[in-house]
Amino acid sequence: YARKFLRPVEGLYWISLFELFGFNKVVFHLCSLLLLAGSAALMGVCLDRAFPGRRVCVSIAVLLAFFLPPVSCLTYVVFTDNSRLSMLLFWTSVLAFQRWAQQSSRWRGLALPMGLYVSSFLTYETSSFLVFAVPLLVWPVYRGCSDRYSDRAFLIKLCVAILAAFSAAVAL
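Position one of the sequence shown corresponds to residue -5 (my numbering), numbered consecutively onward.
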């Protein structure tokens, strides 16, 4: 399955979960909820960094991100982890892009966020086109840093990185 549908990260997740715990329903459900909670928390961190004055909105978004997915289906369906794992990796990549924007904003600093995005893409397709929303979450972080060089150079680097990451993910 993981090889046929080009989802190697998902395959590694399932194999390692099974090797560690066997087919233990409680552990599988707990891991599903932990992935969902981690993904929602990382989304909240990214939103808070992009929009620091909107903590109430961020809190509501985190709660909705955790409670709106059909948590009740975990009782019947175990294979829903792939999207949660994908979103966890996607929000980690957004956080890495934001960190890159805060720090040096050099080309070589883009390898980690791009790699995390490609990993999320190779886990499941839920995050495929979300990469094009990354500038909306990175630009406010960059603008918050006062000692910056050209806005144009930053945007070019960011857009090239996003297009390169998307192209690499599609090519794989």
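Heads up, the beta-carbon is just placed ideally off N, CA and C, and yes, glycines get one too. Quantities reported herein were computed from a predicted structural model and do not represent experimental measurements.
- Contact annotation: residue 115 and residue 155 have beta-carbon atoms that are not nearer than 8 angstroms.
- The C-beta separation of residue 111 from residue 77 comes to about 15 angstroms, leaving the pair out of contact by the 8 angstroms criterion.
- Rounded to the nearest angstrom, the gap between the Cα atoms of residue 52 and residue 45 is 8 angstroms.
- A residue is called buried when at least 16 other Cβ atoms come within 10 angstroms of its Cβ; residue 13 does not meet this threshold and is exposed.
- In this structure, the CA atom of residue 38 is about 9 angstroms from the CA atom of residue 54.
- Within the same chain, 149, 152, 153, 156 come within 8 angstroms of residue 129 by CB-CB distance, once the 5 residues on both sides are set aside.
- Within its own chain, the residues whose Cβ lies closer than 7 angstroms to the Cβ of residue 139, once the five positions on either side in sequence are excluded, are 96, listed in chain order.
- For the set 136, 32, 82, 36, the Cα lying nearest the Cα of residue 120 is the one of 82.
- Here DSSP, grouped into helix, strand and coil, assigns residue 46 to coil.
- Between residue 6 and residue 94, the alpha-carbon positions lie close to 28 angstroms from each other.
- Excluding its 5 nearest sequence neighbours in each direction, residue 42 has C-beta neighbours in its own chain below 6 angstroms: 52, listed in chain order.
- No Cβ-Cβ contact shorter than 8 angstroms links residue 60 with residue 90.
- Under a 10 Å Cβ-count criterion, residue 105 is classified as exposed, with fewer than 16 other Cβ atoms of the shown protein chains found around its own Cβ.
- The beta carbon of residue 99 sits closer than 6 angstroms to those of 148, all from its chain and outside the five residues before and after it, given in chain order.
- Only buried fits residue 29, as 16 or more other CB atoms lie within 10 angstroms of its CB.
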